[in-house]
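Undergrad:
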Amino acid sequence: MTVIRMLNGEETLSALSDLCEILSDCVNGGASVGFILPFTPADATDFWQDVAKNVDIGNTIHVVAEVDGKIVGTVQVGLSSKPNQPHRGDLMKLLVHRSARGLGLSRKLMDRVEAEAARLGRTLLVLDTATGSEAEAIYPRFGWERVGVIPDYAMHPDGRYCNTTWFYKRIG
409 MTVIRMLNGE ETLSALSDLC EILSDCVNGG ASVGFILPFT PADATDFWQD VAKNVDIGNT
469 IHVVAEVDGK IVGTVQVGLS SKPNQPHRGD LMKLLVHRSA RGLGLSRKLM DRVEAEAARL
529 GRTLLVLDTA TGSEAEAIYP RFGWERVGVI PDYAMHPDGR YCNTTWFYKR IG
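In structure tokens:
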């Protein structure tokens, strides 16, 4: 059975084991999601503890996908706190464990996090992803509009530079 649900900060901390496993799987699988190898368990724990803090203070929406009681996917929206951008959010870290791909979890995660962002008054979401990645190919299928590419914007986990493609989506 698949369940898509939001987590508060305490629930995020309670799910550290599953969340760290997902993040480690994605980074070690080559996903350009902000980390460089070697990627340690402490790196993963620090990241999720920071997410939990941001969820608790209202800066982040955190949604997870559970399959048979185990969290195997996650996504976040960072809520802009800038006075001139109360309508905007940043989609971050759409991560699905490689063992759970192909189940439609990305779409379910995106649908839920977009609905929650809209409920909170957001009308525009933006995201960036590695050009040529699996992730880049799925966002247009979910209604996201490609803006353009910035060369050498980030790095793959192995340290190679990668171009980054930016997308936006109007919601709500």
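Heads up, the sequence shown is in our numbering, so the first residue is 409 and it goes up one at a time.
For each residue, glycine too, the CB sits at the ideal point set by N, CA and C.
The model shown is predicted, which means the values in this text are computed figures rather than measured ones.
(1) I'd like to know if the stretch 475 to 484 and the stretch 498 to 508 are in contact, where contact means that at least 3 CB-CB pairs between them fall below 8 Å.
(2) Could you tell me the boundaries of the beta strand (DSSP E) in which residue 562 lies?
(3) On a CA-only basis, which of 467, 573, 547 and 458 is nearest residue 494? Give me that one, please.
(4) Helix, strand or coil for residue 455, going by three-state DSSP, please let me know.
(5) Would you call the stretch 508 to 523 in contact with the stretch 555 to 572, where contact means no fewer than 3 C-beta pairs closer than 8 Å?
(6) Please report how far the alpha carbon of residue 513 lies from the alpha carbon of residue 492, in whole angstroms.
(7) So, at 7 Å on beta carbons, what are the nonlocal neighbours of residue 548 in its own chain, with the 5 sequence-adjacent residues on each side left out?
(8) Tell me whether residue 420 sits in a helix, a strand or coil according to DSSP, three-state version.
(9) Using beta-carbon positions only, say whether residue 424 and residue 456 come within less than 8 Å of one another.
TA: Taking the definition as stated:
(1) yes
(2) The residue you call residue 562 lines up with position 154 of the sequence shown. Note, residue 562: beta strand (DSSP E), 553 to 563.
(3) If you number the sequence shown from 1, residue 494 lands on position 86. Nearest option by C-alpha distance: 467.
(4) Locating residue 455 in the sequence shown gives position 47, counting from the first residue. Note: residue 455 maps to helix in three-state DSSP.
(5) no
(6) Indexing the sequence shown from 1 puts residue 513 at position 105. Indexing the sequence shown from 1 puts residue 492 at position 84. Whole-angstrom Cα-Cα distance: 33 Å.
(7) For the purposes of this step, residue 548 is taken as the residue at position 140 of the sequence shown. So the qualifying residues of the chain are 554.
(8) For the purposes of this step, residue 420 is taken as residue 12 along the sequence shown, with counting starting at 1. Helix, per DSSP.
(9) Counted from its first residue, the sequence shown places residue 424 at position 16. Counted from its first residue, the sequence shown places residue 456 at position 48. Contact flag set, yes.
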